[in-house]
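Report on the structure given below.
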Amino acid sequence: MLLFIKLGFFDILDILIVAFIFYQIYRLVKGTVAINIFAGIFTFYVAWLLVRALNMELITSIMGQFFGMGMIALLIVFQQEVRRFLLLVGSKYNLQNIFNLEKLFAKPVIKEDVSDAIVEACVNFSASKTGALIVFQQNTELYNYAQTGVMMKAKVTDELIENIFFKNTPLHDGAVIINENKILAARCILPVSDRRDIPGSMGLRHRAALGLSGVSDAYVVVVSEETGNITFFKDGSFKVKVSPEELKKFLSNDFSGFVVK
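The sequence shown begins at 425 in my numbering and counts up one residue at a time.
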């Protein structure tokens, strides 16, 4: 029996790489208006194939001109998504340390006294319904985001965290970034996600947490001002109504029971 299609090792590798790229693109546009634009382009492409098959030369020529400039048009229309994809490749996969495998795969250790202080503060925030947004830097550099706020480089204590997010203090509106078990900065501005598949009960703090976790490997903890719920974010996914025990476990890099959203 003759095989009309011969697949070699590099053919399979080629298919896997393309599948991986399309999967990452899907993750970037999932839940955003971009998914609708992709659906429109796909419909247009199918129509173009149909008119070519029917030998409709005029409309085929017009649509062919459109696809001839399609790459430029896509770069203009999807400039935000392209930027996110490049950030995903350059930051999330940490290409700057590609030759340092130990640093690439090792996650920074959050000390027990730091995680205990954060858990204690979040429990108090939840009880008093005080909004909070706390970022734990991992391998992705967040110094650019830290520069949008007030640099501190202070010791992490539950009292200091609670004072920062007290509603009458000038530092409460924004994110706290923790790096190397120190408070690097407060009142930081984070990129806001435009995903539409998150619950309506989530506000700007949650969108900022989702936005940062989607373009970096940072862990982000949010306490809702409306419900008092604690939400944990990582890799563009989140878990709502996290208990103090779960939060402590997640901060220690144990993600068993982390439900991907």
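Glycine included, each C-beta is placed from N, C-alpha and C at the ideal position. In this text, all values refer to a predicted model and were calculated from it rather than measured experimentally.
Asked                                                                                                                                                              : Found
Roughly how many angstroms lie between the CA atoms of residue 526 and residue 661, to the nearest whole one?                                                      : The predicted position of residue 526 is uncertain, since its pLDDT is 47 and thus under 50; no value can be drawn from it.
Leaving out five residues on either side along the sequence, give the residues of the same chain with a beta carbon under 8 Å from the beta carbon of residue 590. : 554, 596
Check whether the region 598–608 and the region 533–547 touch, using three or more Cβ-Cβ pairs below 8 Å as the test.                                              : yes
Quick check: residue 562 and residue 606, are their CB atoms within less than 8 Å of each other?                                                                   : no
Under 8 Å by Cβ, that's how I've got residue 574 and residue 611 pegged, so tell me the actual separation to the nearest angstrom.                                 : 5 Å
Applying the 10 Å Cβ sphere with the 16-neighbour rule, what's the burial state of residue 550?                                                                    : buried
Alpha carbons only, please: which of 608, 471, 480 is nearest the one belonging to residue 579?                                                                    : 608
Please list the segments of the beta strand (DSSP E) lying wholly inside the region 535–595, counting only runs of 3 or more residues, in order along the chain.   : 556–560, 574–579
The beta strand (DSSP E) that contains residue 600, what's its start and end?                                                                                      : 599–603
For residue 516, does the three-state DSSP call read helix, strand or coil?                                                                                        : Summary for residue 516: the model assigns pLDDT 48, below 50, so the residue's position carries little reliability; its value from the coordinates is reported in the next sentence. The answer is helix: DSSP assigns residue 516 an H, G or I state.
Secondary structure at residue 666, three-state DSSP: helix, strand or coil?                                                                                       : coil
Compare the Cα-Cα distances from residue 548 to each of 675, 644, 668 and report the closest residue.                                                              : 668
Quick one: measure Cβ to Cβ for residue 657 and residue 640, integer angstroms, because I've assumed they're closer than 8 Å.                                      : At roughly 11 Å, the Cβ-Cβ gap does not stay under 8 Å, so residue 657 and residue 640 are not in contact.
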